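>
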Amino acid sequence: MQLLQLNSSVTKGQSNGGNNRALLYLNVYDLTPINKFLYWLGLGVFHSGIEVYGSEYGFGAHEYPTTGVFEVEPRSCPGFIFRRSVLLGSTDMSRSEFRLFMEELSQKYRGDTYHLVARNCNHFTDDVCMQLTGKHIPGFVLQLFTSRKHSDSSSLACS
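Dropping the structure here:
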């Protein structure tokens with residue numbers, strides 16, 4: 001796991017050529033092994049990360065006033081059990097444009113501002129999804145112990 005570092009060598013001038021779109025995925029993880037059972041009851045507590053361009057970005061807590069945004073290999077976030085990926089949509093940002101976007105967003109998500117209920121990894125991934133697609137991540141991921149049986153079916157993807 002690597003914390004996202006600001007890199008001034010990335011510029012917005014680099015483009016994706018205008019006709020290639022990179023797919024955005026929400027990788028969903030079980031927070032605890034008991035989720036294996038809660039999930040089938042329509043309940044659960046989840047961690048999530050955004051996957052694009054072969055990397056996954058997440059948000060976690062630490063005690064310092066520096067970014068809590070980190071980068072890992074997709075579907076292998078340490079300490080969590082991978083459950084599933086949800087296609088969120090796509091972006092026409094190039095790899096370097098997306099990296100710059102994440103670096104700028106990471107300044108808003110410091111490790112010492114993490115809160116288990118009010119400002120967590122799922123709020124981070126929802127923010128990314130809203131900015132890139134205009135839609136929220138699936139409701140069952142965003143809320144602690146939310147019942148999937150009572151969630152709006154239109155919230156199952158944000159493409």
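Heads up: the sequence shown at position 146 corresponds to 146 in full-length UniProt numbering, and the numbers run straight through without jumps. Where a beta carbon is used, it is the ideal one built from N, C-alpha and C, also for glycine. Every value quoted in this text rests on a predicted model; they were computed, and no experiment measured them.
1) Considering only C-alpha positions, which residue in the set N27, S55, F101, A61 is nearest to H47?
2) Which whole-angstrom value describes the C-beta separation of F82 and Y29, a residue pair presumed to lie in contact below a C-beta threshold of 8 Å?
3) Rank A61, G60, K135 by C-alpha distance to the C-alpha of S90 and give the top, closest one.
4) How many angstroms separate the CA atom of A118 from the CA atom of G49?
5) What beta strand (DSSP E) runs, 3 residues minimum, are completely inside the UniProt domain "PPPDE" (22-159)?
6) Of all the CB atoms in chain C, is at least one closer than 8 Å to the CB of R95?
With the structure as the only source:
1) N27
2) 5 Å
3) K135
4) 17 Å
5) 22-30, 46-52, 55-59, 69-72, 81-91
6) The structure shown contains no chain C; it is built from a single protein chain.
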